[in-house]
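Engineer: Residue numbers (the working numbering): 1361 to 1671. Here a beta-carbon is modelled for each residue, glycine too, at the ideal position from N, C-alpha and C. Just so you know, these numbers come straight off a predicted model, no measurement behind them. Sending over a structure as structure tokens; questions will come in a sec.
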Amino acid sequence: MPYLGIRIRKKMILGFLVLFFCLVSQFCFAARSQKDSRTRESFQFNLRAGWNLISLPIATPYKVSSFFALYPSKYMVMYKWDNPTNAYKILNDSDYLELGVAYWIFVTGTQPIAMTITGNAPANRTINLPQGWNLIGCPFIGEIAAEDALWPLQKGVDYGIIWEYESGGFSQASVFKPGRGYWIYMIKNSTLVFPLELIPPNGTIKINNDSTYSNSASVTLNITAEDNQGGSGVSKVSFSNDNINWAIPEDYAATKNWSLSSEDGIKTVYAKFRDACGNWSGVYSDSIILDTTPAAISITSPLDGAVITDR
């Protein structure tokens, strides 16, 4: 009997271990699936000759030397603001650019340069903001109102004025733009958590206000989209005529002039939406019948050549 008891206990332990590993595997798969739903993003910097105040709009850290690999002779120096010492720190080639941090960079010469970086969509970022001036970057891939980006911090209570630098001068900022850096004055010590938003926006698309027919391949797309409550906001939209080849994402707007494929018949247009955190929605669509062939008219009465007189 003791031997049987040991065998039973072994089976129970083995069962519990199998159940445990199954649960762990499911959790890891769910976490991996959630992570994989994040998209890889590309962003183009347009840097003017002279000083630029930039930030990294992707979660993938970039080495300074890699950042300027295409233009090794185009930048002279790069700084970041160091809060503990209240002074600027020069970055070395081996240092990394990080999400949520702003950097001053000086581009040599007289011509602007454009360069594209690619990496994972923005992720969680916690930034400690001591009382006084702080230099931060926009941690979103799309534009977002400054008050929404800084929520739940309140303007006038936690922070005051925000400055941006563009075209050689400073101006007050009300919108955070990807790739830009900002000076923000903190009224008191605060911690800012840029949320990792995983819920994509949702939307609708209608062709010519949901018409059944169109006699022209040139149509108007009527679209609506909204992000989840507390989300980063709808930023971009992309369209397709076949759900395979997609147009370059563009700024979200309520209407879009669009061309259907030219052959008559049922036409479907597809749309998908992206929020400022880089989450793409599912695909939405609407269909319309394209009929560009003029109606054929035949006259059966009166007969050709007949004379009609009034009576």
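Could you tell me the boundaries of the beta strand (DSSP E) in which D1635 lies?
Structural biologist: Note, D1635: beta strand (DSSP E), 1625-1635.
Engineer: What three-state label does DSSP hand E1503 in the structure shown?
Structural biologist: If DSSP states are grouped into helix, strand and coil, E1503 belongs with coil.
Engineer: Give the C-beta separation of G1492 and V1461 to the nearest angstrom, bearing in mind that I take them to be a contact with Cβ-Cβ under 8 Å.
Structural biologist: Actually they do not touch by this definition, with Cβ atoms about 17 Å apart.
Engineer: Report the option in A1447, L1459, M1436 whose CA atom is closest to the CA atom of D1453.
Structural biologist: M1436
Engineer: Going straight from the alpha carbon of L1451 to that of P1609, what length do you get?
Structural biologist: 34 Å
Engineer: For F1427, name the three-state secondary structure that DSSP assigns.
Structural biologist: helix
Engineer: Helix, strand or coil for A1585, going by three-state DSSP, please let me know.
Structural biologist: strand
Engineer: Give me the Cβ distance between G1593 and A1636, rounded to the nearest whole Å; I'm assuming they're in contact under 8 Å.
Structural biologist: Taking a contact as a CB-CB distance under 8 Å, the pair G1593 and A1636 counts as one, their CB atoms being some 5 Å apart.
Engineer: Could you give the distance in angstroms between the alpha-carbon of N1484 and the alpha-carbon of I1604?
Structural biologist: 31 Å
Engineer: Leaving aside the five residues before and after A1656 along the sequence, list all residues of the same chain whose C-beta is less than 8 Å from its C-beta, in chain order.
Structural biologist: none
Engineer: Indicate the three-state DSSP secondary structure (helix, strand or coil) for D1508 in the structure shown.
Structural biologist: helix
Engineer: Note the first and the last residue of the continuous beta strand (DSSP E) segment covering D1442.
Structural biologist: 1435-1442
Engineer: Using only alpha-carbon positions, find the residue among I1477, K1627, L1513 that is nearest to K1548.
Structural biologist: The shortest C-alpha separation from K1548 is found at L1513.
Engineer: Go through its chain and collect everything with a Cβ distance to A1585's Cβ below 8 Å, but skip five positions before and after it.
Structural biologist: P1561, N1562, G1563, T1564, V1594, V1597, Y1612, F1633, S1641
Engineer: Kindly identify the DSSP beta-bridge partner or partners of L1457.
Structural biologist: Y1422
Engineer: For P1499, does the count of other Cβ atoms within 10 angstroms reach 16, so buried, or fall short, so exposed?
Structural biologist: The residue is buried, with at least 16 neighbouring Cβ atoms inside 10 Å.
Engineer: With H, G and I counted as helix, E and B as strand and the rest as coil, what does DSSP make of I1711?
Structural biologist: Absent from the model: residue 1711. The displayed extent of the chain is 1361 to 1671, so no value can be given.
Engineer: Would S1574 and L1650 qualify as a contact pair, given that the criterion is a beta-carbon distance under 8 Å?
Structural biologist: yes
Engineer: Any idea what DSSP makes of N1406, helix, strand or coil?
Structural biologist: Assignment of N1406 by DSSP, reduced to helix, strand and coil, places it in the strand class.
Engineer: Please report the distance separating the alpha-carbon of D1455 from that of K1423.
Structural biologist: 6 Å
Engineer: Who are the near neighbours of P1444 in its chain, counting only those whose CB is closer than 7 Å to its CB and skipping five residues on each side?
Structural biologist: Closer than 7 Å at the Cβ level, and outside the excluded window around P1444, lies no residue.
Engineer: Between the stretch 1472-1486 and the stretch 1519-1527, are three or more C-beta pairs nearer than 8 Å?
Structural biologist: no
Engineer: I'd like the span of the beta strand (DSSP E) that includes T1476, first residue to last.
Structural biologist: 1473-1480
Engineer: Can you tell me whether DSSP reads Q1532 as helix, strand or coil?
Structural biologist: strand
Engineer: Would you decide whether E1623 is buried or exposed? Buried here means 16 or more other CB atoms lie within 10 Å of its CB.
Structural biologist: exposed
Engineer: According to DSSP, what are the bridge partners of Y1463?
Structural biologist: I1414, K1440
Engineer: So what's G1516 in DSSP terms, helix, strand or just coil?
Structural biologist: Coil.
Engineer: Roughly how many whole angstroms lie between the Cα atoms of Y1448 and Y1463?
Structural biologist: 10 Å
Engineer: Between the beta-carbon of T1470 and the beta-carbon of F1403, is there less than 8 Å?
Structural biologist: no
Engineer: With a 10 Å radius around its C-beta and 16 neighbouring C-beta atoms as the bar for buried, classify N1406 as buried or exposed.
Structural biologist: Exposed, because fewer than 16 other Cβ atoms sit within 10 Å of the Cβ of N1406.
Engineer: Tell me which residue opens and which closes the beta strand (DSSP E) that T1486 is part of.
Structural biologist: 1485-1489
Engineer: What is the rounded straight-line gap between the Cα of S1550 and the Cα of K1515?
Structural biologist: In this model, S1550 and K1515 are separated by some 12 Å (Cα to Cα).
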